[in-house]
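Asks: Each residue of the sequence shown is one higher than the one before, counting from 3 in our numbering. Glycine is no exception: its CB is placed at the ideal position from the N, C-alpha and C atoms.
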Amino acid sequence: MMRRRRSTDHMDELTRRDVLLAGAAFCVPGSVGAMARSPGRLPQRLIPGTNEKLPVIGLGSTKPVRMIASAGTSPLESVLGTLMKYGGTVVDTAPRPADLDAEFGRVLQQPGFGDALWIAAKVNATGQEA
């Protein structure tokens with residue numbers, strides 16, 4: 003049996019989600035003010051030693067790129083489009099099969115993607131090959 007809160011608890015006005023979002027916002031310095039100034043856009047941080055800014059959140063591309071084999075490039079294009087819609091520009095990669103990387107490269111060459119995104123590439127090589 004669930005216990006109902008008394009109206010004097012005042013906690014019925016805050017949800018668990020509200021508390022978690024507020025806590026997460028304080029983990030990223032400056033994010034509360036940035037989000038208040040531009041709702042719906044990702045907060046950005048200055049790259050040290052430059053005048054360029056990058057969003058504090060990026061996309062880990064492993065799952066959408068691996069889906070190319072079974073679902074084609076549409077899901078990846080959709081994810082990249084959504085990322086960019088909210089101001090995202092950073093796409094992180096991981097070593098993966100060459101055929102998937104080739105498809106990923108073709109998607110990035112489409113108008114509006116490659117020039118607008120920062121691609122962080124990881125190379126799975128050692129020795130002189132690296």
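Excluding the five sequence neighbours on either side, which residues of its own chain have a C-beta within less than 8 Å of the C-beta of V109, listed in chain order?
Replies: The sequence position of residue 109 within the sequence shown is 107, counting from 1. Only T75, L78, E79, L82 and F115 meet the Cβ criterion.
Asks: Below 8 Å between beta carbons: does that hold for P99 and N126?
Replies: The count along the sequence shown starts at 1 and reaches residue 99 at position 97. The count along the sequence shown starts at 1 and reaches residue 126 at position 124. Not in contact: P99 and N126 (Cβ atoms no closer than 8 Å).
Asks: Just how far apart, CA to CA, sit W120 and V93?
Replies: Counting from 1 along the sequence shown, the entry for residue 120 is found at position 118. Counting from 1 along the sequence shown, the entry for residue 93 is found at position 91. Between W120 and V93, the C-alpha separation is close to 6 Å.
Asks: Check G129 in the structure and name its three-state DSSP category.
Replies: Indexing the sequence shown from 1 puts residue 129 at position 127. Correct three-state label for G129: helix.
Asks: Look up L48 in the DSSP assignment and give the residues it is bridged to.
Replies: Position 46 of the sequence shown, counting from 1, holds the residue named residue 48. Bridge partners of L48: K55.
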